[in-house]
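Report on the following structure.
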Amino acid sequence: MTRAEARNLALAAAAFALLAFLPFLKDSGYLLSVSVSIAMYTVLATSWALFSGPTHYISLATAAFYGLGAYVVAAGIGTISYPLLLVLAGIAGAVLALAVGVTTLRLSGVYFVIFTLGLAELIRQVVTWVQNNLTGSRGMYVLTEITERIIYWELLGLAALVYLVGWLVARSRLGFALRIIGNDELVAAHVGINSAAAKLILFVISGVFAAVVGAVMAPRYTYIEPSIAYSPELSFQVVIMALIGGAHRLWGPLVGVIPFALLWELIAARFPTQTVLLLGVAFLLIVYFIPHGVVGRIESALERLRRGTRRG
Amino acid sequence: MYRRTALKLAAAAALAGALPLGFTHAADPIKIGAVAPKTGPLAGGAAITHWPNVQLWVHQVNERGGLRMRDGSRRKVELIEYDDRTNPGETIKAVERLATQDKVDFIVAPYGTGLNLAAAPVFAKYGYPQIACTSVTDKVPELTKRYPSIFFTLGTTTAFANSVAEVLNKLRAEGKIGNRVAMVNVADAFGIELAEAARPIFKTAGLEIVYDRSYPLGTQDLSPIVKGARAANPDAFVAWSYPPDTFAITEQSKIEGLNVKAYYTAVATAFPAYRGKFGKSIEGHLGAGGVNLDTPEMKAYLAAHKKVTGKDADYWASPVTYAGLQVLEQAIEAVGTDRKAVTEYIKKATFKTVMGHWKFVNQSIHEFWTVGQWQNGLFHGVSSTGLPGAKPVIAKPGW
Chain A
69 MTRAEARNLA LAAAAFALLA FLPFLKDSGY LLSVSVSIAM YTVLATSWAL
119 FSGPTHYISL ATAAFYGLGA YVVAAGIGTI SYPLLLVLAG IAGAVLALAV
169 GVTTLRLSGV YFVIFTLGLA ELIRQVVTWV QNNLTGSRGM YVLTEITERI
219 IYWELLGLAA LVYLVGWLVA RSRLGFALRI IGNDELVAAH VGINSAAAKL
269 ILFVISGVFA AVVGAVMAPR YTYIEPSIAY SPELSFQVVI MALIGGAHRL
319 WGPLVGVIPF ALLWELIAAR FPTQTVLLLG VAFLLIVYFI PHGVVGRIES
369 ALERLRRGTR RG
Chain B
524 MYRRTALKLA AAAALAGALP LGFTHAADPI KIGAVAPKTG PLAGGAAITH
574 WPNVQLWVHQ VNERGGLRMR DGSRRKVELI EYDDRTNPGE TIKAVERLAT
624 QDKVDFIVAP YGTGLNLAAA PVFAKYGYPQ IACTSVTDKV PELTKRYPSI
674 FFTLGTTTAF ANSVAEVLNK LRAEGKIGNR VAMVNVADAF GIELAEAARP
724 IFKTAGLEIV YDRSYPLGTQ DLSPIVKGAR AANPDAFVAW SYPPDTFAIT
774 EQSKIEGLNV KAYYTAVATA FPAYRGKFGK SIEGHLGAGG VNLDTPEMKA
824 YLAAHKKVTG KDADYWASPV TYAGLQVLEQ AIEAVGTDRK AVTEYIKKAT
874 FKTVMGHWKF VNQSIHEFWT VGQWQNGLFH GVSSTGLPGA KPVIAKPGW
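Protein sequences appear in the order of chains A and B. If you want the working numbering, it's the position in the first sequence, counting the first as 1, plus 68. If you want the working numbering, it's the position in the second sequence, counting the first as 1, plus 523.
What follows is the structure, given as structure tokens:
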């Protein structure tokens, strides 16, 4: 570990420690509810970018994993302890990602995008079929003593974990291989990289995180409905946020999630009847004015600053 | 220049004159928050059942001069509304925002079972009474124990299934139908729950389920389901359906000529749009909900709904939603804006509503309409859990 890395790690640890005290602030209810959604999207978008950032495979499957995680909790909550359910949700996410990855990661470009979009619907149908024909619907309620505060801490912990994993991957041989795959898959194959395996590992990691996030969020919703757990909107939002931030840096999605979530909140509060319309307009403007994401902007600004000081 | 200054002066004078006058007459308005879908999958239902009633109630209260408080003052109602995009996370955030940022005095309960249950912990945390008028759940005892300020008014899944069995048996006793029932359900939350509840209930009631199929939510082509049901040669057809498939199944049944003397579809059968689409051919159709159309209160409500919102109310949850707002209104008028006192008052008092007299027992209304039937272009309640005014059920004529 270099000195710069050690410094960044210490800074990140301090930031997380600071954020963990947020629920203790006076009248933090509203702040906390906004923070929970920011934390949730941070984990989802960052874990999405772990796979899609380097490989340029746009996955719209987030909702499939998220919904699966939520359903694992809904199905098991009366009989299995909650921490164990989180683990089970992770395992379910891994199995699904593995099955999907093995069969589809050979697809590329738009074919992969379309498949992952359909996946959420497929999983939703399978789950409701199982529920309708085998188990009955008595597992739809998630009544627990878990408060929003605990959910926030769980998400914060997950965020720390996703950054740690991302950091470890990026400095490993695997991360290097992925960057080569992203640049040119043919070249990667020629230099002896097992590109299918590399992609699969990252797809599984990102699937596990999304499933665990779904499991963490389930107690917050109390009543799990398929139309809500498998909402395609979720998949799109995650992609949009990650791309606005910039998917090629580990901290990229974060700088996309925070302004986007705040903007969203502002629009929802000020223009309650035109929310969706204004969001669309805001999104168009963002794509038009910051095509390379916030990270691109920050990096070019830093670059200019550096050149400026060198000249001076 | 001079003219502009003069205008400004005049305006200022008018304002100065008007302001104190205004203050002496009306106290601060009571702030009421509302959050429900304006977009997303449930927006269509909310636009029929939820929002028009909020609009109607606010309009009527303010037209009357405001709520008549205990101290004799009148306070108008100021509405702050948010769209939750049918996303429970947004509902939670919006309720938090209403409670802590807008600091509203009361909040109208959200729309639908899922969104209400997601918001329940937040309502409970800040002590807002939550009169959940559009939730149907079998977990009432558990939920009311957990959330001391939640109230349920629309009924339970089991009661809905029970009543359908009763209605069918009534027709059977009159010799109009046999005991063969074809049952289908949408494979989604409420549809699964209802089908699940119905199977044992139908069996004990002596009804034979000769056909039992489910179909996924959003299925476009329901003709195989209807054909299958017809092939089973049933006496009665029961579909635990959602709005889009209620319409699709009815249409398909008409095409296939599914001629049964008892025909039931669940959610949306009570919508005016159902009558609008199928006209006279829905005579004798049974569906979830129903109201007593003969009371003067109900007649006045339906007329006012049409006049103020420009739309017809539905014949199930619309008046129940309005009654929930009347409960809130009467509780505030009786005890003021102290939320705790209002909640306690709702638990104990009897309310005069468009649905008749309402008294909450264990935070829920136990007398509600369960089955309605289209008779002469109106959807009348034919079965309930103990309400007066049920019309006798008739056999369905042919299409």
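Glycine residues also receive a C-beta, built at the ideal position from the N, C-alpha and C atoms.
Interface residues of chain A facing residue i [CB-CB closer than 7 Å]
| i | result |
| --- | --- |
| residue 605 (chain B) | 336 and 340 |
| residue 737 (chain B) | 200 |
| residue 662 (chain B) | 209 |
Integer Cβ distance of residue i from residue j, believed to fall under 8 Å
| i | j | result |
| --- | --- | --- |
| residue 142 (chain A) | residue 210 (chain A) | 5 Å |
| residue 135 (chain A) | residue 376 (chain A) | At roughly 49 Å, the Cβ-Cβ gap does not stay under 8 Å, so residue 135 (chain A) and residue 376 (chain A) are not in contact. |
| residue 268 (chain A) | residue 170 (chain A) | 7 Å |
| residue 165 (chain A) | residue 243 (chain A) | Their Cβ separation, rounded to whole angstroms, is 18 Å, which puts residue 165 (chain A) and residue 243 (chain A) out of contact at 8 Å. |
| residue 680 (chain B) | residue 716 (chain B) | 5 Å |
| residue 811 (chain B) | residue 793 (chain B) | 7 Å |
| residue 292 (chain A) | residue 362 (chain A) | About 34 Å; that fails the 8 Å criterion. |
| residue 238 (chain A) | residue 318 (chain A) | 6 Å |
| residue 186 (chain A) | residue 278 (chain A) | No, residue 186 (chain A) and residue 278 (chain A) are not in contact; Cβ-Cβ is about 16 Å, not under 8 Å. |
| residue 871 (chain B) | residue 886 (chain B) | No, residue 871 (chain B) and residue 886 (chain B) are not in contact; Cβ-Cβ is about 11 Å, not under 8 Å. |
| residue 101 (chain A) | residue 648 (chain B) | Not a contact, Cβ separation roughly 11 Å. |
One or two residues paired with residue i in a DSSP bridge
| i | result |
| --- | --- |
| residue 897 (chain B) | B:902 |
| residue 223 (chain A) | The partner list for residue 223 (chain A) (beta bridge, DSSP) is empty, contrary to what the question assumes. |
| residue 597 (chain B) | B:591 |
| residue 20 (chain A) | The requested residue 20 (chain A) does not occur in the structure, where chain A is confined to residues 69 to 380. |
| residue 102 (chain A) | In DSSP, residue 102 (chain A) forms no bridge with anything. |
| residue 875 (chain B) | B:880 |
| residue 786 (chain B) | B:760 |
| residue 708 (chain B) | B:737 and B:763 |
| residue 604 (chain B) | B:557 |
Chain-ordered chain B contacts of residue i [CB-CB under 8 Å]
| i | result |
| --- | --- |
| residue 288 (chain A) | 611, 612, 615 and 641 |
| residue 294 (chain A) | 711, 712 and 740 |
Interface partners of residue i on chain B, CB under 7 Å
| i | result |
| --- | --- |
| residue 101 (chain A) | 615, 616 and 619 |
| residue 105 (chain A) | 612 and 616 |
| residue 98 (chain A) | 619, 620, 623 and 624 |
Assigned secondary structure, residue i (DSSP; H/G/I helix, E/B strand, else coil)
| i | result |
| --- | --- |
| residue 880 (chain B) | strand |
| residue 269 (chain A) | helix |
| residue 693 (chain B) | helix |
| residue 369 (chain A) | helix |
| residue 768 (chain B) | helix |
| residue 569 (chain B) | helix |
| residue 82 (chain A) | helix |
| residue 288 (chain A) | helix |
| residue 375 (chain A) | helix |
| residue 763 (chain B) | strand |
| residue 342 (chain A) | coil |
| residue 736 (chain B) | strand |
| residue 208 (chain A) | coil |
| residue 624 (chain B) | coil |
| residue 922 (chain B) | coil |
| residue 139 (chain A) | helix |
| residue 890 (chain B) | coil |
| residue 305 (chain A) | helix |
| residue 263 (chain A) | helix |
| residue 361 (chain A) | helix |
| residue 659 (chain B) | coil |
| residue 541 (chain B) | Residue placement at residue 541 (chain B) is poorly supported in this model, since its pLDDT is 46, which falls under 50; the coordinates still yield a value, given next. Three-state DSSP puts residue 541 (chain B) in a helix. |
| residue 613 (chain B) | helix |
| residue 730 (chain B) | coil |
| residue 670 (chain B) | coil |
| residue 550 (chain B) | coil |
| residue 93 (chain A) | coil |
| residue 853 (chain B) | helix |
| residue 654 (chain B) | strand |
Proximal residues of chain A, C-beta to C-beta of residue i below 8 Å
| i | result |
| --- | --- |
| residue 648 (chain B) | 97 |
Under 9 Å from the C-beta of residue i: neighbouring residues of chain A
| i | result |
| --- | --- |
| residue 636 (chain B) | 291 and 293 |
| residue 608 (chain B) | 301, 336, 343 and 344 |
Proximal residues, the segment 176–210 of chain A versus chain B, C-beta separation under 7 Å: 193, 196, 197, 199, 200, 204, 205, 208 and 209
Residues within the segment 697–712 of chain B neighbouring chain A, beta-carbon criterion of under 8 Å: Correct list: 708, 710, 711 and 712.
Within 9 Å of chain A by C-beta, residues of the segment 664–676 of chain B in sequence order: 665, 666 and 669
Interface residues of the segment 555–573 of chain B facing chain A [CB-CB below 7 Å]: Cβ contacts with chain A come from 561, 562 and 564.
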